[in-house]
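**Q**
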């Protein structure tokens, strides 16, 4: 386990360094008339004050579904130039009878009330399509994580599952990590969250396992 976690601290996890371009996001929201420019402004203020977007800041948005979504996507895309346009498509492309905003709200409610497994299932419709356009496993689990890692949701706490996390699956002490670029069942996602919770010593918690996996994976 020491090989995986090393000297990771909670402060390091919370203040994971994220690059971000305020002007690109604000311009995209203004040009396209996207909802909740105020939420983008809050992220911008957070970034200016702390030089990153803290996880604790995003956790604090969990009662505001759309604000949470915007903050989680900003954190996830970071300073990738295509980030704002990708999120714009998520927010403006309707699937089925639900608007993107309604679908986001349903996903957040489900993970908060029922936990990681049901929250993961709520990302997809009965045909296996994402309920929110292009909100697949990597970014969908970011939404789940920030919506329900803190609070009173049933355990285990939801964790992010992206390709960097998966790449580190062979590091000593790593939990089972399914490949997010292939089909991932809710059971496989739950197993990953459960095993990470079992591995995580207090007070670090399972988020430290996900963070350590991510950083190991980036180096592989």
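In the working numbering, the protein residues as written are 34 to 253.
We treat Cβ as the ideally placed atom computed from N, Cα and C, and that holds for glycine.
Keep in mind it's a predicted model, so treat the numbers as computed, not measured.
Name the one or two DSSP bridge partners that residue 163 has.
**A** 157
**Q** Just list the alpha helix (DSSP H) runs in the segment 171-204, keeping only unbroken ones of 4 residues or longer that don't cross its boundaries, in chain order.
**A** 196-200
**Q** Can you check which of these residues, 182, 196 and 197, is closest to residue 190 by C-alpha distance?
**A** That would be 182, whose Cα lies nearest to the Cα of residue 190.
**Q** By a C-beta neighbour count over all protein chains shown, 10 Å radius and 16 as the cutoff for buried, is residue 36 buried or exposed?
**A** exposed
**Q** Does the segment 86-105 touch the segment 41-49, meaning 3 or more C-beta pairs lie closer than 8 Å?
**A** yes
**Q** Please say whether residue 243 and residue 198 have beta carbons closer to each other than 8 Å?
**A** yes
**Q** Can you list, in chain order, the residues of its chain with a C-beta nearer than 6 Å to that of residue 230? Leave out the 5 residues immediately preceding and following it.
**A** 189 and 239
**Q** With three or more beta-carbon pairs closer than 8 Å as the criterion, would you say the segment 90-108 touches the segment 66-79?
**A** yes
**Q** For my contact list, residue 194 and residue 123 are in at a C-beta cut-off of 8 Å; report their separation, rounded to the angstrom.
**A** About 18 Å separates the two Cβ atoms, so there is no contact after all.
**Q** For residue 157, collect the residues of the same chain with a Cβ closer than 7 Å to its Cβ; drop the 5 residues on either side in sequence, then sort them by chain order.
**A** For residue 157, the CB contacts under 7 Å within the same chain, skipping 5 residues up- and downstream, are 163 and 164 in chain order.
**Q** Does the beta-carbon of residue 321 have 16 or more other beta-carbons within 10 angstroms, so that it is buried, or is it exposed?
**A** Here the chain comprises residues numbered 34 to 253, so residue 321 is not present and cannot be evaluated.
**Q** Using a Cβ-Cβ cut-off of 6 Å (strictly less than) and excluding sequence neighbours within five positions of residue 141, which residues of its own chain qualify?
**A** Once the five neighbours on either side are set aside, the close Cβ partners of residue 141 are 98 and 180.
**Q** Is the CB-CB distance between residue 150 and residue 246 below 8 Å?
**A** Not in contact: residue 150 and residue 246 (Cβ atoms no closer than 8 Å).
**Q** Just verifying my parser: in three-state terms, what is the DSSP assignment at residue 131?
**A** strand
**Q** Do you know offhand how far residue 134's Cα is from residue 203's?
**A** 38 Å
**Q** Thinking residue 117 and residue 53 are a contact (beta carbons under 8 Å), I'd like their distance in whole angstroms, please.
**A** Taking C-beta atoms under 8 Å as the contact rule, residue 117 and residue 53 fail to qualify, at a distance of about 10 Å.
**Q** Are there 16 or more other CB atoms within 10 angstroms of the CB of residue 95, so buried, or fewer, so exposed?
**A** buried
**Q** Can you give me the Cβ contacts of residue 55 inside the same chain, cut-off strictly under 7 Å, excluding the 5 residues immediately before and after it?
**A** 77 and 80
**Q** Could you work out which residue in 252, 105 and 67 is closest to residue 200 when comparing CA atoms only?
**A** 252
**Q** If you drop the 5 nearest sequence neighbours on each side, which residues of the same chain put their C-beta closer than 7 Å to that of residue 184?
**A** 95 and 145
**Q** Using the three-state DSSP reduction, which class does residue 215 fall into: helix, strand or coil?
**A** coil
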